[in-house]
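Everything below concerns the one structure shown next.
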Amino acid sequence: MLPEHPVLHAARELAVLHTTLRTALAGESVDIDSARSGLVHEIDRWVSTHMPQPVGAAYLHTESVGMVVERFAQYYLDAQTSLDADTTEPYRHLLWQRLAQLAVAYTDLSFEISAGIRKLPNLSFHPSQDDSNEQEHGNEQPGTHD
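Going by the UniProt record's numbering, the letters in the sequence shown line up with residues 1 to 146, in that order.
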């Protein structure tokens, strides 16, 4: 058996977390959201280390791959749940169409990244590193002043 691809593994975990989130109590959602953010970051880190650097004139995408995969997991769960729920046929169709369109967009994005014609935003933030750097230079984080 082949080892599971890291992005596919994270996508499955995101789907599990979205499922758990639907029945979670208010206090549990914070931990689930934190786990989701961690998986999005893992996907983005994998993509940044395994994909070619974009060419100079590459267009910038508005979301990271991790963000798209996270939304894909949510849309999949929405569409799948609509099969068993008391959902109208037009709304069910909309959910599956939305999922299909995102799948096509993800395929296009994957091709563009691999071809070097699409740049991804750098949305990573490491508080422990940035806080110490900000303190050294006397800079404040937005919203942290008195």
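The C-beta atom is built at its ideal place from N, Cα and C for all residues, glycine as well.
It should be emphasised that the depicted structure is a prediction, and the values quoted were computed from it without experimental measurement.
- Within the segment 66–108, complete alpha helix (DSSP H) segments of at least 4 residues are not found at all.
- Shown here, Leu-60 sits in a strand according to DSSP, grouped into three states.
- A contact between stretches requires three or more CB pairs, one per stretch, nearer than 8 angstroms, and the segment 57–67 fails this requirement with the segment 84–92.
- Counting along the chain, the unbroken alpha helix (DSSP H) around His-18 starts and ends at 6–23.
- For the set Ala-115, Pro-6 and Ala-58, the Cα lying nearest the Cα of Val-40 is the one of Pro-6.
- The criterion of a C-beta distance shorter than 8 angstroms is satisfied by His-18 and Gln-74.
- Check the Cα spacing between Gln-101 and each of Pro-121, Phe-72 and Arg-92: the tightest is with Phe-72.
- Going by DSSP, Ala-26 is part of no alpha helix (DSSP H) at all; its letter is neither H nor E.
- For the pair Tyr-59 and Arg-118, the CB atoms are nearer than the 8 angstroms cut-off.
- In the DSSP assignment, Arg-118 is bridged to Tyr-59.
- With 16 or more neighbouring CB atoms inside 10 Å of its own CB, Glu-70 falls in the buried class.
- Burial is judged here by how many other beta carbons sit within 10 angstroms of a residue's own beta carbon; Asp-84 has fewer than 16 and is exposed.
- Distance from the CA atom of Asp-44 to the CA atom of Ser-37, rounded to whole angstroms, is 11 angstroms.
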